[in-house]
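Asks: Below is one structure. I have some questions about it.
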Amino acid sequence: MRLVGLAIALLAATPGAPLDQALPGYEFRFPRDHFEHRSFGAEWWYYTGNLADADGREFGFEVTFFRAGRDAVPGSTKVWGLDQLYVAHFAITDIDGGRLHFRERLNRAGPGLAGASEGGGVIWNGNWSATFLSGTPTKPVQRLWAGDAHASLELRLEAAKPVVIHGRDGVARKAGGVGQASHYASLTRMRATGELVLDGDTFEVSGLAWMDHEFFTEGLADDLQGWDWMSVQLDDGTDVMLYGLRLKSGGHSPFSGGTLVQPDGSSFALRAEDIDLQPGREWVSQATGASYPVEWRVQIHSLGVELDVLARHDAQELVSESGRTPVYWEGPVRYTGRRRGRPVRGAGYLEMTGYDRPVEMGAE
Amino acid sequence: MHRVLLLGRLIVRALLLEPWRSLLTVACVSVGVAVIIAIDLAGEAAAGSFRSSMESLQGDASLEISQLGGVPETALGDLARLEAPLRFSARVEGFVTVLANGERVPLFGVDLLGDETLESAVTLEVADLTTLREGRPAWVSNGMGLAPGRQFQIAVNDRVETLFMQGLLADAGGSGGLRTRMIVVDVALAQSLLDREGTVDRIYVHSEADAAEQWRPRIEALLPPAAQVSAAGSRSREYRRLLNSFRWNLRIISYIALIVGAFLIYNSVSVRVVRRRPLIGVARAIGMTSAMVRAGFLFEGLVFGLLGTLLGLVLGRVLAVGAVALMGRTVESLYASAAPPELAVRPETIALAVCAGLGVSLLSAWWPARQAASVPPTEAMAKGGIEHEAARSSGRWAAWSCGCVVASGLLCLLPAVDRVPFAGFAAAVGLIAACTMIIPLAARKALRALTAPLLALIGVAGMIGSKILEESIGRTSVIVAALATATAMTVSVAVMVGSLRETVMVWMDGRLQADLYVQPELASGEADGSTMAEEAAAKISALPEVALIDPIRRYSIRHGGLPATLALVDFGVQRGRSTIRILDGPGIDKVSARMLSGGCVIASEPFANKHGVGAGDTINLPLGKRSEEFEVVAIFHDYSSERGQLLGHRDAFLPYLPDRRLTGVAVYLAPGTDIEAGRLQVNRAVGEYRLRVLRNRELRELATASFDRTFAITDAIGAVALLVAILGMAGALLTLVVDRRAELGLLRTLGATKRQVRQLVLTQAGLLGLMSNAGGVVLGGALAVVLIKVINKQSFGWTIQFYWPVGLLLSALTAIFAASLAAGLYPARAAAAQHPIHVLHEE
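Chains A and B, in that order, give the protein sequences.
First residue of the first sequence? That's 45 in the working numbering, and the numbers climb one at a time after it.
First residue of the second sequence? That's 1456 in the working numbering, and the numbers climb one at a time after it.
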């Protein structure tokens, strides 16, 4: 579950837009489905992960590629047309140094400025890119690069588990209406090795990364305020994706849920009633005044899992420089707890949206 | 110490005793300084700070990528993916006319969505996506009379388009307006407005870490071979280089105005030296050292210089307003649309003024001061020694003069330094020196020869007037030299401009042979880049009234670090009726045949001179490959622009430059067709396009007007120099009268009437005017030769046919003569009004 609002915010409402909707029965095919689906209104690729260098210095990273499209209107095939927009975010958290570096990038497809092409095997926005190098279609090896004048990150990402399809029958439902869902696939465990340059210092880093790829057309339901999302990579080899859709009226929507991925790669969906997400200590943003819970208690009843979630760095609110994307909090977290009584630890990423205001729909 | 003060007081008091004369000298210096200041300020404003308006949105870019015919936009995509701390920023550029006020401004297309570097160049509030997509939004500089939220129309290429004014542009800080008036739109809209789909005109490379240069090889590897990478702002620098020789020419002319002032200071100080010889003798006799005497007279020069400089600074600032307007027009008509010049008095300008004013004053006072100091006390008490010396040495001066002429001749053979003909300038100064040196001898001979005719014509008063001048030949020479130099300046500039004008007219007669010329309606100048659709040309060609059309496409190119033009025409049409005049190379028919086969060009004379290219050489142009070789088949006469021009066969260049749009079309009507009727038909045929159809005569008138505009500044400086000379003349005559008070008084006591005294002084004025005219014509002629054959040729690369604008010269000379007579009127009256007894008594 990712930034639904973002895509919608970039889209002009086009009456009778004949875009495809995320409907049950969709059959994923890779490598094709790693790349863009222009027949859907919104799409994103999220790369997040926790890294450390040989001395144990820890970092979190996020490289995200968003696409917002609308149906092709006559004459819109022009190179510089504004029908397909691409936003990218690049964030590095220096956990030990206690700082966040964030950069946003916005482009139209233009003459090759941004895109996600199966032909080139690459998802890119300017010079930030994720390139599919080798491996199998469902267990690919990728190269990720993002950088600016202050920081750059180059990673080799090797999938340790095959692609996981979330939800049921090819769709992850977000509400009861037709098409109020997304096609959602993840690489939940990728071994990451590479180089991070931050303000002139170079670090040889390694760690675990996670990739989400989601595409859909319908926006967020009207009764929703936002959502909380977590990726969990436990040291027993289990991965979990959890999301809670927050209702404007309070509490989580019954369409919340998640996926559990076993060490062998097999997975099954988690229902809303299986999980319990309890917010704890809050951090207040100076920039927006929003209060974000940076500590959580997570329970997955059917698996006997109890986890304490702790943000590695509180100030992870990402405020768009251009003001063109919604404000959200996204940062690295640590998990400690028990699984059926046995102690378990893990790392991952936490995303929280709609804390400054409801994630809006349909507006530019 | 108090002795120096005494001397100083002696001098200052003397200056105050003769306020008018002092004032005239100061006025001469100040006008001289003012001209230099005005030219420097205006030059700096119009040329020094010259920025091609196309570079107004450069921001903090460090490199720029451009390509003849445009950079393919796909290159931008390749560059954008380069994993480097660089940002790339594309520009689509062109000129459009705002119909509401007729103003021609640059229009820029920028990536309003993705360009992160834009804020370093301009501030604007980006529209929402729907407006951006469908509303044709434009951002406009303040002061263009357009209101946000309203639609407005522009003429662009051969069409009229409607834009929506979304908002105002501010400078990069967002605090103020932009220096250049402009319109900014999204890159997509700009491409369609300017017919540039698929290409951008420029890609800027920005680097936060100042690392662009080290990435240059990687950047170049991603570009098409014909693309050129250069330091950002190169184009402005190239234009400035092109302007450099023009500025030097103006500067030298302005210095000549100061030389005239120098003569006058010299005259003024030396008159005082002569008049005060007895006093100096006394002062020396009672113990004043020669160094103190010298210091005293130098101090006098310094006072003139200081006052003149101060006044000159103020006056110069005032004159600069006019000069900058004139020069701005010149820069615009000669080069390209430029940002409006801004006047700023810099420390350098003040330093220049002080150096020029004080330096010239001290230098010109040096010689008389030395003379004053060098005479022994006894001799100093006897009057007239200096004149004897002058008379004795005139032969030696004449020999020096011949030496100067020879030296000047040799200097003319030296080449220019980066197109600035310093040797030519030195030759001009040498000629002025030569003229100055020969004048004592020539003037004495002339005055002697004139004695008899004057006696016959005017009577004894005339003869005595002439004799007095002859007797004080040293001073007479200085006055004549001053006025002759000023006259020469006027004459030489008139001859140079007149010759160029005539040469251009004759050239135009030969070159402009078509009946009608069609071009985008509001195109202006060479660097404008407006184009028209090829279909419009086809429609004209299909008319029964039209015998033949000759299409042309011009591109602004850069060659050897200078801007130039590549013009593509149809040599198939040219064949047999070509109006191109070959300067060097095979005949035009052979040339045309060669051009049709491609791989070659012909170069205009200014191009050949600027780049040292001759017929048979090869030059490299960045077309297709990084550099493609082209043979220069011939050099042709061309006066259309100072920018050098290359001419090629259009079809042969289309593979490199596939854009088929045209810059203009020359139309030859069928025999017997009435020109007006033909124009009507052509206008009808292309009614859907915004085109201007000019008759041959109209185009010529436009060209002539543009020529005259270009040289307005030169004429203005000439006029100022003349003003200095006339002021100087009045001062000099006044000096003469005051100096000869005793003689004039004696003449009156011996029975001369007031009328005779007046006649005497006016005769002197007339004689000085006449000799100055004669000297001025000779020196002016010589200077004109240097200007035309050396300075202009080296600066601009033009061969100018010598032509004497007789009428203009005659009227100028008459004016100078009349002015010198007029300058004598007051001194004549003053001399006649003196009471003889008082004068004698005083002495």
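C-beta: ideal position from N, C-alpha, C; glycine also.
Owing to the predicted nature of the structure, the values given are computational and were not obtained by experimental measurement.
Under 8 Å between C-beta atoms, does proline 118 of chain A make it to chain B?
Replies: Low confidence applies to proline 118 of chain A: its pLDDT is 47, below 50, so where it sits in the model is not reliable, and the reading given next is rough at best. So no, proline 118 of chain A is outside the interface.
Asks: Verify the contact flag: leucine 321 of chain A, CB atom, against every heavy atom of the ligand FAD, threshold strictly below 7 Å.
Replies: As far as ligands go, the structure on display features none, and thus does not contain the ligand FAD.
Asks: Name the two residues that bound the continuous alpha helix (DSSP H) containing tyrosine 393 of chain A.
Replies: It is not in any alpha helix (DSSP H) - tyrosine 393 of chain A instead sits in the beta strand (DSSP E) that spans 386–397.
Asks: What are the boundary residues of the alpha helix (DSSP H) that includes tryptophan 1475 of chain B?
Replies: Note, tryptophan 1475 of chain B: alpha helix (DSSP H), 1474–1498.
Asks: Got a sec, what are the start and stop residues for the alpha helix (DSSP H) tryptophan 1962 of chain B sits in?
Replies: Taken as a continuous stretch (DSSP letters only), the alpha helix (DSSP H) holding tryptophan 1962 of chain B covers 1928–1966.
Asks: Got a sec: is the Cβ-Cβ distance from valine 123 of chain A to anything in chain B below 8 Å?
Replies: So yes, valine 123 of chain A belongs to the interface.
Asks: Counting C-beta neighbours from all protein chains within 10 Å, is the total for glycine 398 of chain A 16 or more, i.e. buried, or is it exposed?
Replies: The residue in question, glycine 398 of chain A, is buried, as its Cβ has 16 or more Cβ neighbours within 10 Å.
Asks: Between glycine 367 of chain A and chain B, is there a C-beta pair that is closer than 8 Å?
Replies: Glycine 367 of chain A does not count as touching chain B.
Asks: For valine 1577 of chain B and valine 1639 of chain B, which I take to be in contact (beta-carbon distance under 8 Å), what is that distance rounded to the nearest angstrom?
Replies: Going by Cβ atoms, the distance from valine 1577 of chain B to valine 1639 of chain B rounds to 7 Å, so yes, they are a contact pair.
Asks: Can you say whether glutamate 2156 of chain B is buried or exposed, counting buried as having 16 or more other CB atoms within 10 angstroms of its CB?
Replies: Label assigned to glutamate 2156 of chain B: exposed.
Asks: Can you find a C-beta in chain B that's less than 8 Å from the C-beta of alanine 193 of chain A?
Replies: By this cut-off, alanine 193 of chain A is an interface position.
Asks: Is the Cβ of glutamate 1528 of chain B closer than 8 Å to any Cβ of chain A?
Replies: So, interface residue.
Asks: Classify glycine 238 of chain A as buried or exposed, calling it buried when 16 or more other Cβ atoms lie within 10 Å of its own Cβ.
Replies: It is buried - the Cβ of glycine 238 of chain A has at least 16 other Cβ atoms within 10 Å.
Asks: Are the C-beta atoms of glutamate 1538 of chain B and some chain A residue less than 8 Å apart?
Replies: Closer than 8 Å: yes.
Asks: Can glutamine 277 of chain A and glycine 179 of chain A be called in contact, C-beta distance under 8 Å?
Replies: Cβ distance not < 8 Å, so glutamine 277 of chain A and glycine 179 of chain A don't count as in contact.
Asks: Given a threshold of 16 other Cβ atoms within 10 Å of its Cβ, counted over all protein chains shown, does valine 1861 of chain B qualify as buried or as exposed?
Replies: That one is exposed.
Asks: What residue does the beta strand (DSSP E) around glycine 179 of chain A start on, and which one ends it?
Replies: 172–179 is the span of the beta strand (DSSP E), which, as asked, contains glycine 179 of chain A.
Asks: With burial defined as no fewer than 16 other Cβ atoms inside 10 Å of the residue's Cβ, what is the status of valine 353 of chain A: buried or exposed?
Replies: By the 10 Å Cβ count, valine 353 of chain A comes out buried.
Asks: Show which residues of chain A have a CB atom less than 9 Å away from the CB atom of valine 1642 of chain B.
Replies: Trp124, Gly154, listed in chain order.
Asks: With 8 Å as the threshold, decide whether the Cβ of glutamate 1663 of chain B is near any Cβ in chain A.
Replies: So, interface residue.
Asks: List the endpoints of the continuous beta strand (DSSP E) containing glutamate 1519 of chain B.
Replies: 1518–1521 is the extent of the beta strand (DSSP E) around glutamate 1519 of chain B.
Asks: Using a Cβ-Cβ cut-off of 6 Å (strictly less than) and excluding sequence neighbours within five positions of leucine 1472 of chain B, which residues of its own chain qualify?
Replies: Closer than 6 Å at the Cβ level, and outside the excluded window around leucine 1472 of chain B, lies no residue.
Asks: What does glycine 165 of chain A touch in chain B if you count any residue whose Cβ is under 8 Å from its own?
Replies: Chain B residues near glycine 165 of chain A: none, gap ~13 Å exceeds 8 Å.
Asks: Relative to the C-alpha of valine 2087 of chain B, which candidate in B/His2104, B/Gln1522, B/Ala2197, B/Glu2097 has its C-alpha closest?
Replies: Residue B/His2104 is the option with its Cα nearest to valine 2087 of chain B.
Asks: Any beta-carbon of chain D closer than 8 Å to the one on tryptophan 88 of chain A?
Replies: Note that chain D does not occur in the displayed structure, where the protein chains are A and B.
Asks: Which class does glycine 2016 of chain B belong to by DSSP, given the choice of helix, strand or coil?
Replies: In the structure shown, glycine 2016 of chain B sits in coil (DSSP, three-state: anything other than H, G, I, E or B).
Asks: Would glycine 1814 of chain B and glycine 1767 of chain B be called neighbours here (beta carbons separated by less than 8 Å)?
Replies: Result no, Cβ atoms of glycine 1814 of chain B and glycine 1767 of chain B do not sit closer than 8 Å.
Asks: Could you give the DSSP three-state label for tryptophan 2259 of chain B: helix, strand or coil?
Replies: In this structure, tryptophan 2259 of chain B counts as coil in the three-state DSSP scheme.
Asks: State yes or no: is the beta carbon of glycine 170 of chain A nearer than 8 Å to at least one beta carbon in chain B?
Replies: Output row for glycine 170 of chain A: interface = yes.
Asks: Got a sec: which bits of the segment 307–338 of chain A sit with their beta carbon under 9 Å from any beta carbon on chain B, in order along the chain?
Replies: Listed by position, the residues of the segment 307–338 of chain A near chain B (Cβ gap below 9 Å) amount to none.
Asks: Starting from tryptophan 189 of chain A, find everything on chain B with Cβ-Cβ shorter than 7 Å and list it in chain order.
Replies: Those are Glu1538, listed as they occur along chain B.
Asks: At least one CB of chain A closer than 8 Å to the CB of glutamine 1621 of chain B: is that the case?
Replies: So, not an interface residue.
Asks: Answer yes if the segment 1940–1951 of chain B comes into contact with the segment 1705–1721 of chain B, meaning at least three C-beta pairs across the two stretches below 8 Å, and no otherwise.
Replies: Yes, since at least three Cβ pairs between the segment 1705–1721 of chain B and the segment 1940–1951 of chain B fall closer than 8 Å, the two stretches touch.
Asks: Is it right to say proline 118 of chain A is buried, meaning 16 or more other beta carbons lie within 10 angstroms of its own, or is it exposed?
Replies: With a pLDDT of 47 at proline 118 of chain A, under the threshold of 50, the predicted position of this residue should be treated as unreliable, though the coordinate-derived value follows. Proline 118 of chain A should be labelled exposed.
Asks: According to DSSP, simplified to helix, strand and coil, what is proline 2291 of chain B?
Replies: Helix at proline 2291 of chain B.
Asks: Closer than 8 Å, CB to CB, is histidine 1584 of chain B near chain A or not?
Replies: Per the sequence shown, residue 1584 of chain B should be read as leucine rather than histidine. Leucine 1584 of chain B counts as touching chain A.
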